[in-house]
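Numbering-wise (my numbering), the sequence shown opens with residue 7 and increments by one. Data first, discussion second: the structure below is written as structure tokens.
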Amino acid sequence: MRYLALLWLLAAPAWAQEYFPQRAGMSWTFDNGQTQTLSGPRELRGQQVMALTHYFQGQPVSEDYLLYTAEGVFLIGRATGGQLFWYDPPLIIYLGERLQVGQGWQSTTQVDGIEITLRADVLGIRGVQTPAGRFNALQIRQQTLTSGGAETVLELFFVPTVGVVRWITEDGTQFDLIEKNF
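Below, the structure written as structure tokens:
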């Protein structure tokens, strides 16, 4: 379950050129000890993808493989625990257009025999203060369901050109961006 909760945040720094930054070397550090760093591009399965590496307390723990297209930002695979998992079809993390209040999307994929459905809705614009600064963020509710019956709900606070600056788990635990390097 923790894997699924982190999956959506971690694939979320921000995407297609200016609106969704995607330059190699960008990094985001959160107050839970997690840092996300973008690298690439590299070729995987015949596609040019960016790798989002997740570090906890300075140690790499997983890597998400993200494909940026005009249709959106797609999660095509993930490496964790010495294993590589492919998403078939790739999971839509963000739509390719500028996000707007009231907008929503849904994507379903298969990973290692498990069906995963992501439903996201843009709820509103909120002022958010974090150690990294003050932002006007789009509040996005992401619900993840698996064929095994697991469900995760996250509230993400996404800022165009910056990425996710806060996320809140379904139990109310809040994580804030404390540093970005771009």
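Ideal Cβ placement from N, Cα and C applies to all residues, glycine included.
- Contact between V134 and I146 does not hold, since the beta-carbon distance rounds to 12 angstroms and is not under 8 angstroms.
- By the Cβ-count criterion, V107 is exposed, with fewer than 16 other Cβ atoms from all chains shown falling within 10 Å of its own Cβ.
- In the DSSP annotation of this structure, the continuous segment of the beta strand (DSSP E) that includes L90 starts and ends at Q89 to L101.
- Here Y25 has R104, P166 and T167 as same chain residues with Cβ atoms under 8 angstroms from its own Cβ, once five neighbours each way along the sequence are excluded.
- Collapsing the DSSP output to three states places V107 in coil.
- Annotation note: the segment 156 to 180 contains the following uninterrupted beta strand (DSSP E) runs of length 3 or greater, listed N- to C-terminal: 157 to 165 and 169 to 174.
- Look at F141 here: in three-state DSSP terms it is strand.
- By the neighbour-count criterion, in which a residue is buried when 16 or more other Cβ atoms sit within 10 angstroms of its Cβ, D70 is buried.
- A distance below 7 angstroms between beta-carbons, with the five flanking residues on each side excluded, links V55 to the following residues of its chain, in chain order: G46, P47, R48, Y71, L72, L73 and I82.
- For A30, the secondary structure class from DSSP, reduced to helix, strand or coil, is coil.
- A straight-line Cα-Cα distance of about 27 angstroms links T114 and R29.
- When the beta-carbon positions are compared, L183 and Q148 stay at least 8 angstroms from each other.
- DSSP lists A57 and G83 as the beta-bridge partner residues of Y71.
- DSSP, read as helix, strand or coil, puts E77 in coil.
- Here DSSP, grouped into helix, strand and coil, assigns R125 to strand.
- For L50, the closest C-alpha among the options G154, G155 and A85 is that of A85.
- In the structure shown, G133 adopts extended strand secondary structure according to DSSP, grouped into three states.
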